[in-house]
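> Right, I'll just put the structure down here and ask away after.
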Amino acid sequence: MKNIYKNILASIKKNEKNLAVLIDPDKTVLEHLSSFMLKVNTSVATHVFVGGSIVNDLATEILVSEIKKLTSLPIILFPGDVSQVTGNADALLFLSLISGRNPKYLIEKHVEAVSMLRNIDLEIIPTGYILIENGKETSVQKVTETQPMSRNNIQHVVDTALAGEFLGMKLIYLEAGSGATHPIDIAMIYKVKKDLNIPLIVGGGIKSKQELEKAYQAGADLVVIGTAFEEDESFFNELV
Ligand code: 1GP
28 MKNIYKNILA SIKKNEKNLA VLIDPDKTVL EHLSSFMLKV NTSVATHVFV
78 GGSIVNDLAT EILVSEIKKL TSLPIILFPG DVSQVTGNAD ALLFLSLISG
128 RNPKYLIEKH VEAVSMLRNI DLEIIPTGYI LIENGKETSV QKVTETQPMS
178 RNNIQHVVDT ALAGEFLGMK LIYLEAGSGA THPIDIAMIY KVKKDLNIPL
228 IVGGGIKSKQ ELEKAYQAGA DLVVIGTAFE EDESFFNELV
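Here this note's numbering is used: the first residue of the sequence shown is 28, the next is one more, and so on.
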């Protein structure tokens, strides 16, 4: 029995903020992994997320087992597809793309994953995943053939997040997309958090300590950062 979700809830109770470093198997060079993980381990990061929109088969499994040797942080799968599920990780965000209307990403892929999930020991965390438009087309949009939600209709986003909670999801993930030009607006984070009774994850386009702090202040319980670390590892030094 793993306690990843329970620990996230406990950290929120203690008013602690969580930071996940997102590692994309498709963009990671294994030779650089140990120095990268050293930086992760000495930063304020609390979780490692592994996933990407387009990943070769087996790349995730190999990467996760390498990361496991290099950190004691919990490793959570954030998969773009069923092929990225591996029992080497600690937990799986069982994502439903509730901003979209493509049945594949609302139920079909989930059914497909079950034959694998029943044989491996992963903590499964049902997560409502909400993609918000950020000024450019994201890979999630392309791969899932869904439209992101408008940044301007905050109420619709709040209602979508709450519908996810009422359906029994345990986390809501507000996503601007990897490398987004605009991270999720502070007002949107604030309003979603105000109505929501489950933890809120925010990610996409966060590139500075100031943006990170703003997201936390607005109510994000866990922030995910990938691109900023990929592009400039010295960003970790700001977060020690
Ligand atoms: C992407 O939310 C994550 O799915 C992180 O985004 O790569 O822009 O930090 P960045």
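Every residue gets a Cβ at the ideal spot worked out from N, C-alpha and C, and that includes glycine.
Please read these numbers as outputs of a predicted model, since none were measured by experiment.
Give me the Cβ distance between G230 and Y200, rounded to the nearest whole Å; I'm assuming they're in contact under 8 Å.
7 Å
> How about Q182 and P175: are their beta carbons less than 7 Å apart?
no
> Under a three-way DSSP split, which group does S99 fall into?
coil
> Could you give the DSSP three-state label for N180: helix, strand or coil?
coil
> What residues are listed by DSSP as bridge partners for T154?
L122 and L198
> Got a sec? Which residues, its chain only, sit under 6 Å from V67 by beta carbon, not counting five neighbours each side?
V48
> Give me the DSSP bridge partner(s) of I50.
I50 pairs with V77.
> Would the beta-carbon of F121 fall within 7 Å of that of I151?
yes
> Comparing alpha-carbon positions, which option in G206, L65, I39 and S142 lies nearest D51?
G206
> Looking at the secondary structure, which residues open and close the alpha helix (DSSP H) in which V170 lies?
S166 to T171
> Nearer than 6 Å: is that true of the beta carbon of S38 relative to any heavy atom of the ligand 1GP?
At a cut-off of 6 Å, the beta-carbon of S38 does not count as near the ligand 1GP: no heavy atom of the ligand is closer than that.
> To which residues of the same chain is T187 closer than 8 Å at the C-beta, ignoring the five residues directly before and after it?
I125, S126, G155, I157 and M176
> Would you mind listing the alpha helix (DSSP H) stretches within the segment 181-250 that are 4+ residues and don't spill past its ends, in chain order?
181-193, 213-222 and 236-245
> Specify whether the segment 90-105 and the segment 50-65 touch according to this definition: at least 3 beta carbon pairs, one from each stretch, less than 8 Å apart.
yes
> What residue from A214, T69, T165 and D108 has the CA that sits closest to G78's CA?
D108
> Put N30 into one of helix, strand or coil per three-state DSSP.
coil
> Report whether the distance from the Cβ of V251 to the nearest heavy atom of the ligand 1GP is below 6 Å.
Yes, the beta carbon of V251 sits closer than 6 Å to at least one heavy atom of the ligand 1GP.
> Compute the distance between the beta-carbons of N161 and T208, then report whether it is under 7 Å.
yes
> Can you tell me whether DSSP reads L104 as helix, strand or coil?
strand
> For S123, is the beta carbon positioned less than 6 Å from some heavy atom of the ligand 1GP?
no
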